[in-house]
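Quick note on UniProt numbering: the sequence shown kicks off at 1 and runs consecutively.
Ideal Cβ positions, reconstructed from N, Cα and C, are used throughout, including at glycine.
Being a predicted model, the structure only gives us computed values, none of them experimental.
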Amino acid sequence: PFIAIAQEDTSNPPMQTAFIDLLKKKEKQLKEKEAVLKKKEEELCSIKAEILDQIKKLTAIKKALESYFARLQTLENKRLDQLAKVYESTPPQQAGKMLEKLDPKLAAKIIMRMNKAKAGVILGYLSPQIACKITEEITKLR
1 PFIAIAQEDT
11 SNPPMQTAFI
21 DLLKKKEKQL
31 KEKEAVLKKK
41 EEELCSIKAE
51 ILDQIKKLTA
61 IKKALESYFA
71 RLQTLENKRL
81 DQLAKVYEST
91 PPQQAGKMLE
101 KLDPKLAAKI
111 IMRMNKAKAG
121 VILGYLSPQI
131 ACKITEEITK
141 LR
């Protein structure tokens with residue numbers, strides 16, 4: 001039995017050496033893959049940071065644009081309110097002639113801001129076709 005064990009011992013070292021070499025090779029491959037993954041992870045972190053930075057910049061731009069458009073809307077509303085007052089104070093027949101020359105959308109916005117009774121009188125002085133177009137625009141705005 002000792003001879004058999006001795007023979008096994010002499011045959012095992014080459015197998016053990018091959019197994020150890022295989023393990024070392026696999027370990028080296030794993031370390032290489034780990035290094036590649038670590039590099040890709042660093043690249044992804046860098047890209048993520050860039051994206052977050054861009055999101056912050058775009059959010060700031062969006063807020064600035066929203067503020068700008070809110071100011072524009074406020075100015076537009078003031079301008080339309082002033083125009084409505086002008087048309088209300090103009091004699092209805094003359095105001096009707098003036099409104100007929102405007103774009104129907106603009107005329108509708110002005111009429112919507114006017115006193116309803118005065119707007120009704122002015123609409124009576126418009127040609128039926130133009131009054132119809134302006135009325136259509138008013139319904140779209142509501």
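- Inter-segment contact for the segment 59-69 and the segment 85-101 is absent: fewer than three beta-carbon pairs are separated by less than 8 Å.
- Taken through DSSP and simplified to helix, strand or coil, L126 comes out as coil.
- In the DSSP assignment, L106 falls within the alpha helix (DSSP H) that extends over P104 to R113.
- For P91, no alpha helix (DSSP H) segment is defined, and its DSSP state is neither H nor E.
- Around the Cβ of L141, a 10 Å sphere holds fewer than 16 other Cβ atoms; the residue is exposed.
- One Cα belongs to Q94, the other to R71, and the distance between them is close to 32 Å.
- Relative to the Cα of E136, the nearest Cα in the group A107, M114 and Y125 belongs to A107.
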